[in-house]
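Numbering (the UniProt record's numbering), first residue to last: 1 to 404.
Ideal placement from N, C-alpha and C gives every residue a C-beta, glycine not left out.
These numbers come from a predicted model, not from an experiment.
Single-structure report; data block below.
Below is the structure:
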């Protein structure tokens, strides 16, 4: 069986593979790029596996970066682009539940595929597009199964993050987790407590954003995985995920991408945890910027749902976030505020549009620098202007301050 290598990413990587092959080594495209090409899904990067050892890769290319030479992974810099090349290998035990304690470089592709998580990710393609399938991955792709390579218990014991990855692929691809593999998910989910939350977070977000999330929403609870995730070991998590599915289904049906912050905001809204939302996000080690985005979206959702989104809300909230929430409510045919009209009605767009600043206020009030009264007055003036009670005019603002 052949796959098309017409995609730009394949074309850019082919000269790297051809140079490796010209030196007498084997090289193959592996993993997600092969799987997603077969499924006619977008690909965003390509990975290369080779029989060449790291030092042999270094000898073949002028510019390389050691990404984990001891584990066989090198970055090749070629014509300004970077390509990840990993040596065929077998792996030992995973005492830290993340990386193998030792790897053994091998010269055989089939041996290398034995260490991969699922059959659909163990597919490889050579520089002609010929597919190599040692574990029934093509059949599982056709039938829609997520099946562990070899013994599921061994695969999940090696890296229990794979329990979360199984759910993620079910959500992204709409596939069913094969019976023995599902039992492995249930049996090894408890080891997620040993995995860095940053790694789990990546899989969790992809799970929530999956195109088949409505069909996979129940899996987090019925598999028991939720019990080992921060803040998700609670009796109402299943109901919250089901409600999140209700929010996301119309977006999915309309072919609209689900922003990462958006899906987390709606999930937290359905969990009804209020002020604890930021702490939960902090536990998941999200960035401050991401936490701010989610908590602001959460506030907007609450105002939309309670029909309390007004002119002042329009002024204070980020347009892009408002638009995402508006779109989500619109897809469900829920009541909507007239955001477009309110934006046109705003007398100012930001505080800097006010004709007076802090220095002007100090002059008018006779205050010294650093006093808290300046900020208080700016807020009062800003609110009065937004509400239409005060023109954005120097004379009017001066009279307002002096109480004339």
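Counting every other CB atom within 10 Å of its CB across the protein chains shown gives residue 235 a total below 16, marking it as exposed.
Its Cα nearest to that of residue 125, the residue 29 stands out among 105, 117, 71, 29.
Between the alpha carbons of residue 63 and residue 73 lies a distance of about 14 Å. Assignment of residue 20 by DSSP, reduced to helix, strand and coil, places it in the helix class.
Counting C-beta atoms within 10 angstroms of its own C-beta, residue 161 has 16 or more neighbours from the protein chains shown and is therefore classed as buried. In this structure, the beta-carbon distance from residue 148 to residue 184 falls below 8 Å.
Of the candidates 80, 267, 136, 387, 80 places its Cα closest to the Cα of residue 61. As the crow flies, the alpha-carbon of residue 144 is around 41 Å from that of residue 306.
Its Cα nearest to that of residue 9, the residue 44 stands out among 266, 222, 44. Burial state of residue 322 is buried, judged by a 10 Å Cβ sphere holding 16 or more other Cβ atoms. Distance check between residue 152 and each of 193, 315, 187 places 187 closest, using alpha-carbon atoms only. Residue 259 is not bridged by DSSP to any residue.
Annotated three-state conformation of residue 89 is strand, per DSSP.
For residue 34, the three-state secondary structure derived from DSSP is helix.
As computed with DSSP, residue 49 is found in a beta bridge with 28, 86. For the options 375, 363, 56, 373, the alpha carbon positioned closest to that of residue 394 is the one of 363. The closest CA to that of residue 18, considering only 313, 259, 129, is found on 129. Check the Cα spacing between residue 285 and each of 276, 250, 201, 252: the tightest is with 201. If you check the CB distance, residue 46 and residue 33 come in under 8 Å.
Boundaries of the beta strand (DSSP E) harbouring residue 75: 73–78, taken from the DSSP string. Annotated three-state conformation of residue 176 is strand, per DSSP. Comparing C-alpha distances from residue 309 to each of 280, 341, 86, 331 shows the shortest one belongs to 341. Beyond the five residues adjoining it in sequence on each side, residue 82 comes within less than 8 Å, by CB distance, of 65, 75, 76 in the same chain, given in chain order. From the listed residues 382, 95, 40, 50, the smallest Cα separation to residue 156 is found for 95. Between residue 85 and residue 131 a beta carbon distance of about 20 Å is seen, past the 8 Å cut, so the two are scored as non-contacting. Taking the C-beta atoms as reference points, residue 88 is found nearer than 8 Å to residue 51.
In this model, residue 358 and residue 194 are separated by some 52 Å (Cα to Cα). In the three-state DSSP reduction, residue 64 falls in the strand class (E or B). For residue 149, no alpha helix (DSSP H) encloses it, and the DSSP letter there is neither H nor E.
When C-alpha distances from residue 190 are compared across 206, 251, 159, the shortest belongs to 159.
According to the DSSP assignment, residue 376 belongs to the alpha helix (DSSP H) that extends over 373–386.
Closest in C-alpha terms to residue 320, from the list 250, 334, 339, comes 339.
Counting along the chain, residue 295 sits inside the alpha helix (DSSP H) bounded by residues 288–305. Here residue 297 is buried. Its C-beta has 16 or more other C-beta atoms within 10 Å. Contact check for residue 207 and residue 245: beta-carbon distance about 12 Å, past the 8 Å limit, so the pair fails to qualify.
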